[in-house]
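Engineer: Per the working numbering, residue 152 is the first one in the sequence shown, and the count goes up by one each step.
Please find one structure pasted underneath; my questions will follow.
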Amino acid sequence: MTTRTRTRTTTLDSPVVQAAPVHRGRVLMLLFGIAVVITGAACGSGSADSTFSKVNPDETVRDLDDFSQAGFKKVRDYDVSELPAATGAYLIYFTPPNSEPMQYELRIYPDHAAAIESGVEYAAEVTGKEALLREVDVRWKEGTRDRRGGGAFRDSLTPLYGDYAVFGNVILLCEGRDSAQSLGRCAALLHAAGLGVEG
Numbered sequence: 152m153t154t155r156t157r158t159r160t161t162t163l164d165s166p167v168v169q170a171a172p173v174h175r176g177r178v179l180m181l182l183f184g185i186a187v188v189i190t191g192a193a194c195g196s197g198s199a200d201s202t203f204s205k206v207n208p209d210e211t212v213r214d215l216d217d218f219s220q221a222g223f224k225k226v227r228d229y230d231v232s233e234l235p236a237a238t239g240a241y242l243i244y245f246t247p248p249n250s251e252p253m254q255y256e257l258r259i260y261p262d263h264a265a266a267i268e269s270g271v272e273y274a275a276e277v278t279g280k281e282a283l284l285r286e287v288d289v290r291w292k293e294g295t296r297d298r299r300g301g302g303a304f305r306d307s308l309t310p311l312y313g314d315y316a317v318f319g320n321v322i323l324l325c326e327g328r329d330s331a332q333s334l335g336r337c338a339a340l341l342h343a344a345g346l347g348v349e350g
């Protein structure tokens, strides 16, 4: 008995050889698609707030009426006799787009220089993670209780304002859990007021 062995010869027309280029083409298309998705996600991840400047040296002198187009509700006028150089300070509520009403504090100064020189230290003192939240700790005591959240116990107090912004002669303290959220809400108020800031 003789055993015959069959050998298979492969030619360029063989299905085995043709499958490789088709498979390679699909892999290349898949990689190209993934690259497009990653590039699109990276380009689209920025927000309108990324261009917002925390300090805008606008020289126009504004008062509370200049924000009226935003449709806010004024809740309180603060006594500014102990707030250096300030001409007014107000607690307001404004509703940013797709949000609930948020709390803001607007501090008005005679000009941008006064806001920077006299107001920034006082605003920084009561905003952010390290905010001073008790009357015994802050220099300007008016409205201290309005700037905090949390419970009645000392260790349970949390800052209501994650950050502040300076727009010309106005310092805005804007409600938010962190700086980015607060500054986004500051930008939304300025935009709604028609003050040339993207919100």
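Glycine is no exception: its CB is placed at the ideal position from the N, C-alpha and C atoms.
In terms of alpha-carbon separation, which member of Tyr255, Asn249, Pro248 and Val271 lies closest to Leu242?
Structural biologist: Tyr255
Engineer: Figure out for me which residue from Glu233, Leu334, Pro247 and Glu268 has the closest Cα to the Cα of Phe223.
Structural biologist: Pro247
Engineer: For Tyr312, which of helix, strand or coil comes out of DSSP?
Structural biologist: strand
Engineer: Hey, Ala236 and Ala265: beta-carbon distance below 7 Å or not?
Structural biologist: yes
Engineer: Determine the direct distance from the alpha carbon of Ala275 to that of Glu210, and round the result to whole angstroms.
Structural biologist: 22 Å
Engineer: From Ser250 to Glu268, what distance separates their C-alpha atoms?
Structural biologist: 33 Å
Engineer: Taking the alpha helix (DSSP H) that Glu281 belongs to, which residues open and close that run?
Structural biologist: Run containing Glu281: none; DSSP gives neither H nor E here.
Engineer: On a Cα-Cα basis, can you pick out the residue from Gly270, Ser219 and Phe218 that is closest to Val231?
Structural biologist: Gly270
Engineer: Arg258 bridges to which residues according to DSSP?
Structural biologist: Ala240 and Ile322
Engineer: In angstroms, rounded to a whole number, what distance separates the CA positions of Arg290 and Leu234?
Structural biologist: 8 Å
Engineer: Does the region 332–341 come into contact with the region 283–301, if we say contact requires no fewer than three beta-carbon pairs (one atom in each stretch) closer than 8 Å?
Structural biologist: no
Engineer: If you compare alpha carbons, which of Arg328, Arg213 and Lys280 is closest to Thr238?
Structural biologist: Arg213
Engineer: By the three-class DSSP mapping on this structure, what secondary structure does Phe203 have?
Structural biologist: coil
Engineer: Do Ser330 and Gly319 come within 7 Å of each other at the CB atom, strictly closer than that value?
Structural biologist: no
Engineer: Do Phe245 and Leu340 have their C-beta atoms within less than 7 Å of each other?
Structural biologist: yes
Engineer: Once DSSP output is grouped into helix, strand and coil, what is the label at Arg213?
Structural biologist: Looking at Arg213 - three-state DSSP - the assignment turns out to be coil, as it is neither helix nor strand.
Engineer: Would the C-beta of Asp217 count as close to the ligand MG, meaning under 6 Å from any of its heavy atoms?
Structural biologist: Among the ligands in the structure shown, none appear at all, so the ligand MG cannot be discussed.
Engineer: So what does DSSP say about Phe245, is it helix, strand or coil?
Structural biologist: Note: Phe245 maps to strand in three-state DSSP.
Engineer: On the three-state DSSP scale, how would you describe Val271?
Structural biologist: helix
Engineer: Based on Cα-Cα distance, which residue from Glu286, Ile259, Leu323 and Tyr229 lies nearest to Val206?
Structural biologist: The shortest Cα separation from Val206 among Glu286, Ile259, Leu323 and Tyr229 belongs to Leu323.
Engineer: If you run the structure through DSSP and keep just helix, strand and coil, what is Arg328?
Structural biologist: coil
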